[in-house]
Structures are given as C-alpha cells and as structure tokens.
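A.B. asks: Counting from 425, one number per residue, gives the positions in the sequence shown under my numbering.
Ideal Cβ positions, reconstructed from N, Cα and C, are used throughout, including at glycine.
Note that this is a predicted model, so its numbers are computed, not measured.
Pasting a structure below so you can have a look.
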Amino acid sequence: MDLLNTLVDKGLRRESPTREEALAVLATSDDDLLDVVAAAGKVRRHWFGRRVKLNYLVNLKSGLCPEDCSYCSQRLGSKAEILKYTWLKPDQATAAARAGVAGGAKRVCLVASGRGPTDRDVDRVSDTIKAIKEQDGSVEVCACLGLLSDGQAERLREAGADAYNHNLNTSEATYGDITTTHTYADRVDTVRKAHAAGLSACSGLIAGMGESDEDLVDVVFSLRELDPDSVPVNFLIPMEGTPLAKEWHLTPQRCLRILAMTRFVCPDVEVRIAGGREVHLRTMQPLALNLANSIFLGDYLTSEGQAGHADLEMIADAGFEVEGADRVTLPEHRAPVGDGGCGSHAEGAAGGGCGSHAEGAAGGGCGSHADGAAEGGCGSHACGGVCAPTPAARTEEARTDLVAVRRRGAGTDLAPNA
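This is the structure we're talking about:
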C-alpha cells in the first residue's frame with residue numbers, strides 16, 4: 425500500500441504525515457489492519473527496538489475532585505463507588521512505589537485528584553519524590569497533579585521530579601463538551617510550564633468519548649506541536665456513575681488504528697498504552713506492543729488492570745523485553761544534555777520534537793489522570809495513498825464485566841497489583 429510505505433519513510437525521517445494521511449490510517453479496513461500494524465511497527469522498532477518501558481501509578485489522593493471531567497470517576501458529582509482518601513503520607517507512597525519498581529517499573533507516576541496543587545501540596549509531593557529517590561536513585565518520577573501555577577514546576581524539578589504529566593485528552597474543538605471547569609488552553613499552559621522548568625513533558629489523549637476521526641487527528645497533531653517526550657494513549661473506561669458510562673464505541677481493531685496513527689504522527693516519542701487497554705484491546709494487547717513502547721504495569725488510579733505477572737508474561741511471549749533502568753528510553757537526539765534522564769529537551773525542542781518540527785509539523789485534577797479514562801476520511805492521493813472507504817461504524821458491545829473498581833494497593837491495607 426503506497427500510503428503505508430510513505431508513512432514508514434516519513435516516520436524514519438521524523439517527518440510529519442499530512443492530516444489526510446493520518447485520517448487514512450483511521451479509515452483503513454480490517455483486512456488491511458495487519459499491514460498497518462506492521463508498517464507502524466517498523467517505525468517503533470527503528471526508534472525503540474523491542475524494548476517496553478514499564479510505568480507504575482501511585483494515586484496519592486483519590487476522589488473528591490472539584491472539576492467536572494466527564495470521563496473521570498473522581499469528578500465533581502461522580503456516583504462511582506471508588507476509593508476515596510486524602511493525601512498518602514510519604515512513607516505510604518514510597519511503599520507503593522517500591523512495589524511497582526520491584527515488579528519491573530522504571531518510572532513511578534505520582535497522581536493526585538484536584539484542579540491543581542497548592543504550594544503546600546507541592547511541598548508534600550516534593551517530600552515524597554525525595555523519599556522515593558533516596559530509596560532508589562535510578563527510578564524516574566513523574567508528577568501528575570493537575571494545573572500548575574507559576575513556579576511550581578520548578579519546585580518539583582528541584583525536588584527530583586523527572587517528568588510532569590498533563591493530558592490534552594481531546595481536540596480543542598470538543599474540549600468544552602467534556603469539561604467546563606477549566607479550558608483546553610489551561611492544559612496547554614501547564615504542559616508548557618513543565619517544558620520550561622526542564623521537566624520531561626508527558627501529555628496524551630483519551631479515545632472512545634464519542635469523538636470523530638478528525639478530533640483524534642487534531643489532538644495528536646496538537647501533541648506533536650507541544651512536543652512531549654511521552655504520549656499516553658488512553659481508551660475510555662466507561663465507569664458506572666460517570667456521564668460517559670454508556671459510551672462503548674471502541675473495538676480492538678479501532679484501538680490498534682489509533683495507536684498506529686499516533687506512532688506515525690509522533691514517531692520518536694514514548695507512546696504509552698495507558699488506561700483501558702485490558703477493556704478494549706483485550707486479547708489484542710500483545711499486537712499493540714508493536715505500536716507502543718510503553719505500558720502501565722498493574723492497576724490504574726481507580727480501576728483494576730491486568731495482573732502484573734500477566735503483563736510481564738505478555739511482553740515476553742510477544743517477543744519483547746522489559747526496558748531496564750540502565751537504558752535511556754528516548755532516542756539520542758531527544759535525550760537531554762547532561763544527566764541522561766528521561767528526556768526533557770526544554771532547551772532543545774526546536775531541534776526536532778515529536779518528530780522534527782524543523783522539517784515537518786510547521787508545514788504540515790483536574791489531575792491530568794495519567795490513566796485517563798480509568799476514572800473511570802480519505803487517503804492522500806498526492807503522495808500516492810489510497811482512498812479507503814470509510815468503514816461502517818461499529819458500536820462495541822458493553823463489557824462492564826471487564827471494569828473493576830480498584831480495591832487494593834494505595835489507600836487500602838491490601839497488597840498492590842504489581
């Protein structure tokens with residue numbers, strides 16, 4: 425297929441596809457799906473080999489959020505029967521992080537519900553970051569605390585944080601339909617604050633909220649422009665008690681197309697399969713490892729994930745290997761100058777971001793909920809692509825049996841899933 429050959433060539437050069445090409449990936453038929461996966465897999469292996477990075481979530485504060493994000497079980501007015509607790513103490517959070525690292529996680533993601541942290545909250549999280557780093561200095565720590573005020577990203581960086589997560593979630597055009605208590609621009613501003621402070625920016629999306637193909641392409645191109653080092657792709661987990669509880673639009677095949685499109689648009693970044701992979705990819709999860717080079721290990725914020733040992737077996741059986749702490753995740757051109765960390769290039773974004781902007785993109789809480797949803801057209805003929813017929817819409821049968829509220833780990837007396 426000429427379209428796929430073109431996309432592979434562009435991905436290997438870190439060049440942006442056109443919007444039409446990205447839309448054409450989403451419009452491919454099931455008959456062509458394995459070809460799409462194989463093509464995107466070439467790009468993934470070129471930049472990341474067969475390594476899979478493991479990340480582990482620690483929910484520092486669960487529920488009781490004043491924001492109204494429709495996908496989130498921690499939202500204002502949520503009737504989801506999730507765990508609710510206030511801030512974990514540093515020793516509690518460190519113990520949870522230790523379990524994830526023992527299970528193979530290279531990065532620990534510290535998440536707290538709420539619009540954004542107070543200065544006291546930043547102090548609290550800073551103490552936790554320092555405790556984790558004292559326990560194991562090789563562990564990457566990513567904070568996910570919602571909208572940041574001036575100076576807070578710098579303080580987190582000084583405490584030892586390596587990264588900051590804040591997802592865009594959906595396109596700017598539809599953002600107001602999902603959340604009304606803050607804006608899309610607020611989220612963009614926080615990602616930029618993280619960049620400016622020297623933190624590795626992590627920002628992604630949630631698919632399955634009723635968005636169009638155009639919305640998905642819009643948000644992924646917006647992410648490319650923002651230039652995060654990692655892009656989590658969440659698949660909505662329709663949690664009972666949230667406004668989107670009845671939204672079951674995703675099939676395993678559509679999830680794979682979304683991941684492939686993201687890899688083509690952001691060829692050299694850490695694409696992470698985040699919340700909802702067990703619910704929507706199901707038995708197709710191993711195939712998705714050909715597209716993404718990173719996953720969350722074990723449970724999410726308020727929902728249960730696949731057993732940690734099953735994650736490890738899946739990676740090995742699919743012919744991949746867990747990325748060790750001694751390996752730098754990002755390609756050399758994206759790695760930061762100096763400390764060899766997870767790749768902040770606040771000083772180097774112009775040198776080629778989520779793909780090289782110099783040659784491509786310019787021409788062409790609210791906690792950011794790192795697990796995202798656990799809260800619960802035509803091809804381009806100009807480049808020789810094909811005009812695939814838009815497949816008939818398929819509505820996935822509701823699989824509520826695959827959605828389980830987290831009742832173990834952080835905030836409980838039970839051992840975590842790691």
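Taking DSSP's pairing of strands, which residues face Val565 in a bridge?
C.D. replies: Looking at the DSSP assignment, Val565 forms a beta bridge with Val532.
A.B. asks: Which runs of the beta strand (DSSP E), 3 residues or longer, sit entirely within the segment 696-742?
C.D. replies: For the segment 696-742, whole beta strand (DSSP E) runs of length 3 or above, ordered along the chain, are 718-720.
A.B. asks: Can you tell me which residues form a DSSP beta bridge with Phe659?
C.D. replies: Ala631
A.B. asks: Looking at Phe744: is its Cβ nearer than 9 Å to the Cβ of Arg474?
C.D. replies: yes
A.B. asks: Use the C-beta contact count for Asp455: other C-beta atoms within 10 angstroms, 16 or more gives buried, fewer gives exposed.
C.D. replies: exposed
A.B. asks: Could you tell me the alpha carbon to alpha carbon distance between Asp692 and Val655, rounded to whole angstroms?
C.D. replies: 11 Å
A.B. asks: What number of angstroms, rounded off, separates the C-alpha of Ala839 from the C-alpha of Glu439?
C.D. replies: 45 Å
A.B. asks: Pull up the distance between the alpha-carbon of Val746 and that of Ala523, whole angstroms please.
C.D. replies: When rounded, the distance between both Cα atoms is 16 Å.
A.B. asks: Can you tell me where the alpha helix (DSSP H) with Arg579 in it begins and where it stops?
C.D. replies: 576-583
A.B. asks: Can you tell me whether Arg678 is helix, strand or coil according to DSSP?
C.D. replies: helix
A.B. asks: Rounded to a whole number of angstroms, what is the C-alpha to C-alpha distance between Pro490 and Arg499?
C.D. replies: 6 Å
A.B. asks: Going along the chain, which residues of its own chain have a beta-carbon closer than 8 Å to the beta-carbon of Ala446, five neighbours each way excluded?
C.D. replies: Val641, Val644, Phe645, Met685, Phe688, Val689
A.B. asks: For Pro755 and Ala463, I'd like the C-alpha separation in whole angstroms.
C.D. replies: Computed Cα separation, rounded: 19 Å.
A.B. asks: Alpha carbon to alpha carbon, how far is Tyr480 from Ala529? Give it in angstroms, no decimals.
C.D. replies: 6 Å
A.B. asks: Ser595 by DSSP, collapsed to three states: which one?
C.D. replies: coil
A.B. asks: Per DSSP, Val829 is paired with what?
C.D. replies: Ser727
A.B. asks: If you draw a straight line from the C-alpha of Ala618 to the C-alpha of Ala521, how long is it?
C.D. replies: C-alpha separation (whole angstroms): 22 Å.
A.B. asks: Is the Cβ-Cβ distance between Asp492 and Thr614 less than 9 Å?
C.D. replies: no
A.B. asks: State the start and end residues of the unbroken beta strand (DSSP E) segment that holds Ser636.
C.D. replies: No beta strand (DSSP E) contains Ser636, which DSSP labels as neither H nor E.
A.B. asks: Can you pull the DSSP bridge partners for Ala746?
C.D. replies: One point to set straight first is that residue 746 is Val, not Ala, in the sequence displayed. According to DSSP, which records beta bridges pairwise, Val746 is partnered with Val476.
A.B. asks: Which full runs of the alpha helix (DSSP H) of 4+ residues lie inside the segment 464-515, going along the chain?
C.D. replies: As far as the segment 464-515 is concerned, it has no whole alpha helix (DSSP H) run of at least 4 residues.
A.B. asks: To which residues does DSSP link Glu694 through a beta bridge?
C.D. replies: Ser654
A.B. asks: Just reading off the beta strand (DSSP E) that Asn589 is part of, what are its end residues?
C.D. replies: 587-589
A.B. asks: From Arg696, Ala620, Gly570, Asp610, pick the residue whose C-alpha is nearest to that of Leu629; which is it?
C.D. replies: Comparing Cα-Cα distances from Leu629 to each of Arg696, Ala620, Gly570, Asp610, the minimum goes to Arg696.
A.B. asks: Using the C-alpha atoms, what's the distance from Glu638 back to Ala451?
C.D. replies: 11 Å
A.B. asks: For Gly622 and Glu821, I'd like the C-alpha separation in whole angstroms.
C.D. replies: 44 Å
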